[in-house]
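Below is one structure; the comments refer to it alone.
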Amino acid sequence: MGRRKSKSAGGLVALCILCVASLALFTIYVKEGDCTENGCGPLHTVQLGAAEVLRPVRAIFSVVAGPFEDTSAAVGDAFRRGDEKQLRRDALENQEFAAEASRLRQENERLRELLDGQRPPYEYAPLARVTAPVGDQFTNRVIINVGSADGVQPEKPVIVGNNTLIGRTTDVSRHTAEVMLVTDQMFAAGVRIVPPAELDRFTGEVSPENGDAVSYGEGMLSTGWEEYLGVEYVDMSAEVKKGDFVVTSGRSGDYELLFPPGLLVGTVESVSSEDYDQFKKIVVTPPTEPQDLQEVRVITGW
Amino acid sequence: MMRHSLSRAAVVVAVAALLEAVLSPYLTFGGISPKLAVIGVVFAVAGLQDLQAVLLGFFGGVVFDALGGGIGLFGVGALGGLLAGMLAARVGVAPRGAEVLLLAQVAAVAVAARDVIGLVAINLAGLEGPPPIEFMLAGVIPDALVNALLAYAIGSLLLKFVRVKGAM
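Protein chains in written order, with the working numbering: chain F, 45 to 346; chain S, 145 to 312.
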């Protein structure tokens, strides 16, 4: 009996000690910060090392999970038969857009020849493949197969296409980097809302139709717990319409923000407000779904 | 006479932590994700002494943290594993046939505890977290229930693997 009591007491003592150890680990990890300024601390280094070691394992699971994800998407589509008419209408609309886009592309190429050299001078890391998702219900992140060896650093914008922001790098190891997607609840970016006619989607440049004295709606892009992407803190007086583009603002007053200006992050899906609200409630549709991501690029300098 | 093998329990805990870190992102739906590391700890340490159970739970949690699982904050998995280990060791012996059910309930409580620890850690780290009440209702409770079902489904397999013949 006495022996059992002493074993149980030993367990409780160990529990207390290990609780303190866990809290110490947590505190050290948070105090280490990210790897941007003073290099990585020991706990971050352990995680980065594990990310390198797990790279092939994640790649294998990604390949194995691919068909299941496709099947899941196909089953989901099968249950959305009611959307067929809407899809047909959208397809017709898209064909019209494609024709218009073709004309504009030709015009764009001609104008670009004239303006050669005036694109934003971004520096890119090599094209990266999305290896696997990581995290749990609190996060929405993926691993890509470029790392510090390719010039990637933490807190750099990650894009698809020419100009579409899909997230930013967080932890970077030698050959991998973790990307926090725009739909992650911890992602935030300073943005402004621009009418489609005034934004060049290729370069991200904004050209006001009525001269320079135009004030666009500005706010902070973030994903709420309800899992919709939205822009917060947009002034009630700002003019925002459905279909407007949401682009990174680059600066907030005198402060330079994390992302260069003009990166597209989505289109406005709805705008609403109640009498008692201080700000507008704006829901944004991201240009790409996280599960559709395959190849991305990290902007390493601008 | 069957007893829990410490080495087999350690293997189960380590493999469960690895599987959760790699597989869980594919199986996350809203606020629900499979907490294989917690389930692994609960079933692996259930028949061990308190000291062995907490050490193994802590070990599993640290492995999970090191692999960058969950929210990626070091210490959260360790504390979660520790609590899961202690709960499983202290729950006592259930009547034969009911132990999987009992341990599934322990797993549910341990999962809920880890979710809450995760939320507290996010807020302590100064990161954006969901509103606590909504998270309790829409995140913690369904997550605990689904993981209890998962634990009930795979529990007997885990117990079969961990147990070996021999004197206690």
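Backbone N, C-alpha and C define an ideal beta-carbon position, used for all residues, glycine too.
- Membership of Tyr296 (chain S) in the alpha helix (DSSP H) is indicated by the continuous run 285-306.
- Judged by DSSP secondary structure, Ser266 (chain F) falls within the beta strand (DSSP E) whose first and last residues are 261-267.
- With a beta-carbon spacing of about 18 Å, Ile215 (chain S) and Pro286 (chain S) fall beyond the 8 Å limit used to define contacts.
- Sixteen is the threshold: since fewer than 16 other Cβ atoms of the shown chains lie within 10 Å of the Cβ of Asn138 (chain F), the residue is exposed.
- Remark: fewer than three beta-carbon pairs, one from each stretch, lie closer than 8 Å, so the stretch 262-269 of chain S and the stretch 164-176 of chain F are not flagged as touching.
- Secondary-structure assignment with DSSP links Val186 (chain F) through a beta bridge to F:Pro177, F:Val223.
- For the options S:Phe279, S:Pro169, S:His148, the alpha carbon positioned closest to that of Ala109 (chain F) is the one of S:Pro169.
- Sixteen is the threshold: when 16 or more other Cβ atoms of the shown chains lie within 10 Å of the Cβ of Cys79 (chain F), as they do, the residue is buried.
- In the structure shown, Tyr170 (chain S) adopts helical secondary structure according to DSSP, grouped into three states.
- Take the alpha-carbon of Gly219 (chain S) and the one of Gly270 (chain S): they are about 15 Å apart.
- Here DSSP, grouped into helix, strand and coil, assigns Met230 (chain S) to helix.
- Nearest neighbour of Lys286 (chain F) by Cα position, chosen from F:Gly310, F:Gly268, F:Ser266, F:Tyr272, turns out to be F:Gly310.
- The beta carbon of Tyr296 (chain S) does not come within 7 Å of any beta carbon belonging to chain F, so the residue lies off that interface.
- Between Ala228 (chain S) and Gly201 (chain S), the gap from beta carbon to beta carbon is short of 7 Å.
- At a cut-off of 7 Å between beta carbons, Met280 (chain F) makes no contact with chain S.
- The shortest C-alpha to C-alpha distance from Ala233 (chain F) to any of F:Gly211, F:Thr220, F:Ala221 is the one to F:Gly211.
- In the structure shown, Glu167 (chain F) falls within a strand segment according to DSSP collapsed to helix, strand and coil.
- Val264 (chain S): member of the alpha helix (DSSP H) spanning 243-268, first to last residue.
- Interface residue (Cβ-Cβ distance to chain S less than 7 Å): Asp180 (chain F) is classified as such.
- In the structure shown, Ile237 (chain F) falls within a strand segment according to DSSP collapsed to helix, strand and coil.
- Following the DSSP letters along the chain, one finds Leu273 (chain F) inside the beta strand (DSSP E) bounded by residues 273-279.
- Apart from the 5 residues on each side of it in sequence, Met264 (chain F) sits with its Cβ closer than 8 Å to the Cβ of Ala232, Ala233, Gly234, Val235, Val275, Glu276, Tyr277 in its chain, given in chain order.
- If you check each beta-carbon in the stretch 59-88 of chain F against every beta-carbon of chain S, the ones closer than 8 Å belong to Leu59, Leu62, Cys63, Ala65, Ser66, Leu67, Ala68, Leu69, Phe70, Thr71, Ile72, Tyr73, Val74, Leu87.
- When the Cα atoms are used, Ser300 (chain S) and Gln249 (chain S) turn out to be separated by approximately 14 Å.
- Under the 10 Å beta carbon count, Ser266 (chain F) is surrounded by 16 or more other beta carbons and is classified as buried.
- Counted as a single uninterrupted DSSP element, the alpha helix (DSSP H) harbouring Pro276 (chain S) occupies residues 276-279.
- Going by DSSP, Ile343 (chain F) is part of the beta strand (DSSP E) stretching over 339-345.
- Shown here, Arg152 (chain S) sits in a helix according to DSSP, grouped into three states.
- For the pair Ser106 (chain F) and Leu98 (chain F), the Cα-to-Cα distance works out to about 12 Å.
- Taking 7 Å as the cut-off, the beta carbon of Ala158 (chain S) is found closer than this to the beta carbon of Val207 (chain S).
- Between Gly345 (chain F) and Glu167 (chain F), the C-beta spacing is below 7 Å.
- Between the beta-carbon of Val312 (chain F) and that of Asp288 (chain F) there is about 5 Å, and that keeps the pair under the 8 Å contact cut.
- In the assembly as shown, Asp194 (chain S) is a buried residue. Its beta-carbon has 16 or more other beta-carbons within 10 Å.
- About 5 Å separates the beta carbon of Ser317 (chain F) from that of Lys324 (chain F), a gap short enough to meet the 8 Å contact definition.
- Within the DSSP secondary-structure output, Leu56 (chain F) pairs in no beta bridge.
- Residues of chain F with a Cβ closer than 7 Å to the Cβ of Val220 (chain S) are, in chain order, Phe70.
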